[in-house]
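A quick write-up on the structure given underneath.
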């Protein structure tokens with residue numbers, strides 16, 4: 417078993433395990449990835465009884481995640497395209513198949529073969545001679561990424577409140593989004609390389625950013641630590657009293673920026689560790705309270721009308 421470690425931010429921990437059968441990838445950056453095509457069955461020519469110079473050939477295709485990795489046995493999508501764009505500017509799709517290895521019977525000529533494994537992909541040009549029996553193995557240079565997050569002290573975060581977005585590492589603020597809305601512990605198949613991962617707990621400001629390296633033929637498991645907590649706020653006339661309905665809520669940072677607004681008897685949200693000001697408005701009267709979010713400590717916050 418091989419081990420490797422991904423580099424994360426100050427709050428990130430990555431464990432890399434060898435997993436030849438699980439890997440992933442982004443699609444190739446050529447015209448192939450722009451096609452949006454329905455599933456088709458493999459092209460199989462009719463029994464040939466014409467000129468032997470035009471006898472169909474047969475090509476068998478297989479894929480590996482890395483040069484020294486075993487053959488991928490499932491999860492592949494194979495597409496065979498004609499080499500010249502059609503009137504619509506797109507490459508014509510000749511044949512497609514799914515699974516592991518695959519084989520196609522094709523008339524002699526040149527083709528572009530595209531192999532996709534999740535978000536990973538590779539394209540290869542082949543030329544098939546009349547009656548040729550040919551075997552091709554494509555190296556995808558791909559790996560897998562499985563993400564998770566915890567709170568301080570190892571407390572688990574409800575899966576429904578946690579999402580990851582995977583971006584290209586280069587590009588700064590203009591980074592290209594590769595995979596949005598990834599659930600925790602989901603294996604994402606990606607081309608080998610470094611990716612910028614954003615982990616978001618809740619919908620406000622509990623965000624962790626990390627740069628993670630995916631290696632070909634391996635599964636990278638990365639766990640980040642969120643310093644945040646779940647807060648439930650209510651406006652009451654006395655401590656422990658009933659929440660007052662139809663209250664307008666605003667949560668402000670120390671610099672006075674509003675980061676969340678809502679209306680109702682309760683305001684519930686996840687906030688990053690820090691100090692905030694709550695403003696509760698009811699019947700044209702405003703009530704305020706400062707409070708501090710402590711990482712990993714979920715709490716109820718009461719705002720008293722007498723304050």
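Numbering (this note's numbering), first residue to last: 417 to 723. All C-beta atoms, glycine included, are put in the ideal place defined by N, C-alpha and C. If you're wondering where the values come from, they're calculated on a predicted model, not measured in any experiment.
Listed in chain order, the non-local C-beta contacts of residue 690 below 8 Å within the same chain comprise 669, 670, 708, 709, local neighbours out to five positions each way being set aside. Looking at 641, 666, 604, the one whose alpha-carbon comes closest to that of residue 620 is 666. In this structure, residue 600 places its C-beta atom within 8 Å of the C-beta atom of residue 564. When DSSP states are grouped into helix, strand and coil, residue 599 belongs to the coil group. For residue 717, the enclosing beta strand (DSSP E) begins and ends at 715-720. With a 10 Å radius around the Cβ and a threshold of 16 neighbouring Cβ atoms, residue 653 comes out exposed. In this structure residue 496 touches residue 522 by the C-beta definition: roughly 7 Å separates them, less than 8 Å. Around the CB of residue 610, fewer than 16 other CB atoms lie within 10 Å, so the residue is classed as exposed. Here the C-alpha atom of residue 704 lies approximately 15 Å from the C-alpha atom of residue 675.
Bounds of the beta strand (DSSP E) holding residue 480 are 473-480. Residue 588 is not bridged by DSSP to any residue. Check the Cα spacing between residue 585 and each of 693, 568, 643, 608: the tightest is with 608. Unbroken beta strand (DSSP E) runs of no fewer than 3 residues, entirely contained in the stretch 496-575, are found at 509-515, 518-522, 525-533, 536-544, 549-555, 558-567, following chain order. Residue 577 is bridged by DSSP to nothing; it lacks a bridge partner. DSSP, reduced to helix, strand and coil, places residue 646 within a strand of the structure shown. Closest by C-alpha distance to residue 524, out of 489, 482, 498, is 498.
Note on geometry: alpha-carbon atoms of residue 551 and residue 623 lie some 48 Å from one another.
Ranked by Cα distance from residue 662, the first of 683, 500, 475 is 683.
By the C-beta density criterion, residue 715 is exposed, having fewer than 16 other C-beta atoms within 10 angstroms. The three-state reading of DSSP puts residue 670 in coil, since its state is none of H, G, I, E or B. According to the DSSP secondary-structure assignment, residue 625 is paired through a beta bridge with 614. The alpha-carbon of residue 660 is positioned some 10 Å away from that of residue 721. Across the structure, residue 547 and residue 509 are spaced so that their CA atoms are roughly 22 Å apart. Residues of the same chain with a CB within less than 6 Å of the CB of residue 479, apart from the 5 flanking positions on each side, are 488, 492, 531, 554, 556 in chain order.
With a cutoff of 8 Å on beta-carbon distance, residue 650 and residue 681 are scored as near each other.
One alpha carbon belongs to residue 634, the other to residue 559, and they sit about 5 Å apart. Apart from the 5 residues on each side of it in sequence, residue 502 sits with its Cβ closer than 6 Å to the Cβ of 508 in its chain, given in chain order.
Among the bridge pairs identified by DSSP, residue 609 is matched with 630. Sequence-distant Cβ neighbours of residue 706 in its own chain, meaning closer than 6 Å and more than five residues away, are 693. Here residue 474 is actually not in contact with residue 568; their C-beta atoms are around 59 Å apart, not less than 8 Å.
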